[in-house]
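Trainee:
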Amino acid sequence: MSEAPATARIWDPAIRLFHWLLAGFVGFSWWTGEQHDMEWHRYSGYAILALLVFRLFWGFTGPRTARFCQFVKGPGAVSAYAKTLGSKQAHAADGHNPLGGWSVIAMLGALLVMVVAGLFAIDVDGWDGGPLSDYITFDQGRAFAEFHETVFNVILALVVLHIVAIGFYATWKRQRLVPAMITGKRKLGADEAPQELRWSPVLALTGIALGVVIAWAASTGFRF
Amino acid sequence: MIRSRITALTALGLAAAAMAGGATIAIAAPSASTTISTRQANFKKMGGAMKALKEQLSGTPDKAKVLDAAKTIAATARVQTKLFPAGTGPSSGVKTDALPVIWTDRTTFDGDMNKLITEADKLVAAANSGNAAAMQAQFKAVGGSCGGCHKQFRADD
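First to last, the sequence lines map onto chains A and B. Those letters in the first sequence? Residues 2 to 225, by the working numbering. Those letters in the second sequence? Residues 112 to 268, by the working numbering.
1) With 8 Å as the threshold, decide whether the Cβ of B/E230 is near any Cβ in chain A.
2) Counting only beta-carbon atoms, is B/M161 nearer than 8 Å to chain A?
3) What distance in whole Å lies between the Cβ atoms of B/V205 and B/S144, which are believed to be in contact at a cut-off of 8 Å?
4) Buried or exposed for A/I226, please, with buried defined as at least 16 other CB atoms from any protein chain shown within 10 angstroms of its CB.
5) What residues in its chain sit with their C-beta under 6 Å from that of B/S203, if we drop five residues either side in the sequence?
6) Measure the C-alpha to C-alpha separation of B/K251 and A/G127 and round it to an integer number of angstroms.
7) Report the neighbours of B/K206 on chain A: residues whose CB is nearer than 8 Å to its CB, in chain order.
8) Are the CB atoms of A/D38 and A/W200 nearer to each other than 8 Å?
9) Tell me which same chain residues have a C-beta within less than 7 Å of the C-beta of A/H20, skipping the five on either side of it?
10) Answer yes or no: do B/A160 and B/T183 have a C-beta to C-beta separation smaller than 8 Å?
11) For A/D38 and chain B, any beta-carbon pair shorter than 8 Å?
12) Whose Cβ in chain B lies nearer than 7 Å to the Cβ of A/I123?
13) Please state if the CB of A/H163 and the CB of A/M108 are separated by a distance shorter than 8 Å.
14) What are the boundary residues of the beta strand (DSSP E) that A/T62 is part of?
15) For A/F139, would you say it is in contact with chain B, using Cβ-to-Cβ distances shorter than 8 Å as the test?
16) I believe A/A91 touches A/R10 by the beta-carbon criterion, under 8 Å. Please report the beta-carbon distance rounded to the nearest angstrom.
17) For B/G259, which residues in the same chain have their Cβ closer than 7 Å to its Cβ, ignoring the five residues on either side in sequence?
18) Quick one: Cα of A/G101 to Cα of A/A171, how far?
19) May I ask you to check if the CB of A/V117 is nearer than 7 Å to at least one heavy atom of the ligand ATP?
20) At the level of alpha carbons, what is the spacing between B/S240 and A/D129?
21) Can you pull out the residues from the region 177 to 194 of chain B whose beta carbon lies closer than 7 Å to at least one beta carbon of chain A?
22) How would you list, in chain order, the residues of chain B whose beta-carbon sits under 8 Å from the beta-carbon of A/D13?
23) When you compare only the Cα positions, how much space is there between B/L210 and A/Q141?
24) Using a C-beta to C-beta distance shorter than 8 Å, which residues of chain A count as neighbours of B/G254?
25) By the 10 Å Cβ neighbour count, where 16 or more other Cβ atoms means buried, how is B/K156 classified, buried or exposed?
26) Looking only at its own chain, which residues have a Cβ that is under 6 Å from the Cβ of B/T135, when we skip the five neighbours before and after it?
27) Check whether the Cβ atoms of B/F264 and B/V190 sit closer than 8 Å, and answer yes or no.
28) Tell me which residue opens and which closes the beta strand (DSSP E) that A/A9 is part of.
29) Taking only beta-carbon positions, decide if B/M112 is within less than 8 Å of chain A.
30) Strictly below 7 Å CB to CB, what residues from chain A border B/K226?
Below is the structure:
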């Protein structure tokens with residue numbers, strides 16, 4: 002039996018689970034929002050809040066590809082990378098490239114703003130709203146609801162950009178990014194040595210617990 | 112604040128005019144934009160009352176506050192029935208979420224409006240009874256009548 006091609010582990014299981022759950026819940030939130038099914042829309046929002054808290058925690062405690070300090074780069078690196086976009090050469094380094102890193106930050110930021118606005122939002126009938134809407138007036142709650150709708154367009158644009166970028170890498174650079182986000186692995190080049198992907202299951206569970214506790218606390222309106 | 116007070120006063124004035132005017136006497140009709148902004152202010156008032164009810168009923172309700180909000184809805188709903196004259200839809204050129212179907216399916220619309228009045232009156236009664244479970248159930252019925260009518264007659268934003 003011939004040896005399988007060498008692979009490198011680039012995405013840890015927690016971040017893959019985070020990614021696909023987030024994609025699923027964002028879609029579900031959209032659908033329940035459109036259907037005005039506010040009960041499930043709220044649950045979905047709490048789930049997204051828990052995921053975002055986990056991701057922020059993981060950005061400081063996770064393996065190298067998850068860490069903000071590893072993929073958030075300055076304008077110099079971003080523009081240098083942007084100049085190579087036209088090349089058919091695939092991006093060799095693991096994890097987010099300097100441009101994609103900012104796309105991740107933008108998506109996380111927009112989703113965080115979205116969730117917080119949702120917590121304060123109140124519907125037009127004044128009888129259904131986020132758990133923090135009790136702290137503000139009806140007019141303020143309506144303003145949050147309208148802002149919540151506006152931010153959705155930003156998220157939609159960022160998601161479209163995300164998918165277009167994946168398509169661009171698949172067709173132009175012949176680099177398939179989706180399988181790596183499913184299996185966590187990518188094929189190694191002929192002269193590449195695999196780098197370790199170290200992460201702690203204890204820290205992962207801590208991050209998940211932190212996300213769940215904060216989302217639960219927000220769902221009660223911080224009334225215990 | 113001053114502005115909302117003025118609109119509230121306008122609402123009272125319009126309501127009084129509508130009641131005094133009756134069906135036969137033609138009074139100088141207020142402009143479409145005045146009518147639309149008046150009814151919008153009234154809907155906001157009802158929305159605020161619903162929010163107050165929601166807050167009261169998520170804990171131990173203060174009977175007086177529930178009663179106050181319920182009465183606001185019941186009274187304002189009665190005023191609203193007079194604030195949808197012909198020519199105050201989107202075709203008036205004034206920005207409004209009121210859909211044209213209000214005027215083409217007036218019977219259903221009026222039925223929904225009356226349903227709100229009925230449910231709001233029942234909420235006043237429930238508040239008077241002081242029974243928290245009854246208030247909660249009736250609050251849901253009122254909320255349902257808001258949503259039911261909005262689904263058909265209000266533009267989804």
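All residues carry an ideal CB built from backbone N, CA and C; glycine is no exception.
Mentor: Taking the structure as given:
1) Counting from 1 along the second sequence, the entry for residue 230 of chain B is found at position 119. So no, B/E230 is outside the interface.
2) By one-based count along the second sequence, residue 161 of chain B stands at place 50. Yes, contact with chain A.
3) Start at 1 with the first residue of the second sequence, and residue 144 of chain B comes out as number 33. Start at 1 with the first residue of the second sequence, and residue 205 of chain B comes out as number 94. Correct: roughly 5 Å between the Cβ atoms.
4) No statement about residue 226 of chain A is possible, as the shown extent of chain A runs from 2 to 225 and does not include it.
5) As a working mapping, residue 203 of chain B is identified with position 92 in the second sequence. So the qualifying residues of the chain are A143.
6) Within the second sequence, the letter at position 140 stands for residue 251 of chain B. Within the first sequence, the letter at position 126 stands for residue 127 of chain A. Approximately 12 Å between the Cα atoms of the pair.
7) Here residue 206 of chain B is taken as the residue at index 95 of the second sequence, counted from 1. Result: empty, since nearest Cβ-Cβ is about 14 Å, beyond 8 Å.
8) Here residue 38 of chain A is taken as the residue at index 37 of the first sequence, counted from 1. Here residue 200 of chain A is taken as the residue at index 199 of the first sequence, counted from 1. No, Cβ-Cβ distance for A/D38 and A/W200 is not below 8 Å.
9) Numbered from 1 along the first sequence, position 19 holds the residue referred to as residue 20 of chain A. Taken in chain order, the residues that qualify are M182.
10) Counting from one through the second sequence, the residue named residue 160 of chain B turns up at place 49. Counting from one through the second sequence, the residue named residue 183 of chain B turns up at place 72. Yes, the Cβ-Cβ distance between B/A160 and B/T183 is below 8 Å.
11) What you label residue 38 of chain A is simply residue 37 of the first sequence in a count that begins at 1. Closer than 8 Å: no.
12) On the first sequence, residue 123 of chain A is found 122 positions in, with the first residue counted as 1. By Cβ distance, chain B contributes K162.
13) Walking along the first sequence from the start, residue 108 of chain A turns up at place 107. Walking along the first sequence from the start, residue 163 of chain A turns up at place 162. Yes, the pair counts as a contact, with Cβ atoms nearer than the cut-off.
14) Reading the first sequence from its first residue, position 61 is the one you call residue 62 of chain A. A/T62 -> not in any beta strand (DSSP E); alpha helix (DSSP H) instead, spanning 39 to 62.
15) The residue given as residue 139 of chain A occupies position 138 in the first sequence. It does; some Cβ of chain B falls within 8 Å.
16) Taking the first residue of the first sequence as position 1, residue 91 of chain A is located at position 90. Taking the first residue of the first sequence as position 1, residue 10 of chain A is located at position 9. With a Cβ gap of about 18 Å, A/A91 and A/R10 do not count as contacting.
17) Within the second sequence, residue 259 of chain B is the residue found at index 148, counting from 1. Counting only Cβ-Cβ distances below 7 Å, and skipping sequence neighbours, we find D223.
18) Stepping through the first sequence from its first residue, residue 101 of chain A is reached at position 100. Stepping through the first sequence from its first residue, residue 171 of chain A is reached at position 170. Approximately 15 Å, taken between the alpha carbons.
19) Absent from the structure shown: the ligand ATP. Ligands present: none.
20) Here residue 240 of chain B corresponds to residue number 129 of the second sequence, with the count starting at 1. Here residue 129 of chain A corresponds to residue number 128 of the first sequence, with the count starting at 1. Going from the Cα of B/S240 to the Cα of A/D129 covers about 25 Å.
21) none
22) The residue given as residue 13 of chain A occupies position 12 in the first sequence. Result: empty, since nearest Cβ-Cβ is about 40 Å, beyond 8 Å.
23) The sequence position of residue 210 of chain B within the second sequence is 99, counting from 1. The sequence position of residue 141 of chain A within the first sequence is 140, counting from 1. For B/L210 and A/Q141, the distance between alpha carbons rounds to 25 Å.
24) Here residue 254 of chain B refers to the residue found at position 143 when the second sequence is read from its first residue. By Cβ distance, chain A contributes D126, W128, D129.
25) Along the second sequence, read from residue 1 onward, the residue named residue 156 of chain B stands at position 45. The residue is buried, with at least 16 neighbouring Cβ atoms inside 10 Å.
26) The residue given as residue 135 of chain B occupies position 24 in the second sequence. Note on B/T135: pLDDT 45, under 50, position unreliable in the model; the coordinate value appears next. Same-chain partners within the cutoff: there are none.
27) By 1-based counting over the second sequence, the position of residue 264 of chain B is 153. By 1-based counting over the second sequence, the position of residue 190 of chain B is 79. Taking 8 Å as the Cβ cut-off, B/F264 and B/V190 do not qualify as a contacting pair.
28) By 1-based counting over the first sequence, the position of residue 9 of chain A is 8. Run containing A/A9: 8 to 10, per the beta strand (DSSP E) assignment.
29) Translated into the one-based positions of the second sequence, residue 112 of chain B becomes position 1. With a pLDDT of only 44 at B/M112, under 50, the local geometry of the prediction cannot be trusted, and the value read off the model is given with reservation. Judged by the 8 Å Cβ criterion, B/M112 is not in contact with chain A.
30) As a position in the second sequence, residue 226 of chain B is number 115, starting the count at 1. Near B/K226 there are no residues of chain A at all, since even the closest Cβ is about 14 Å away, more than 7 Å.
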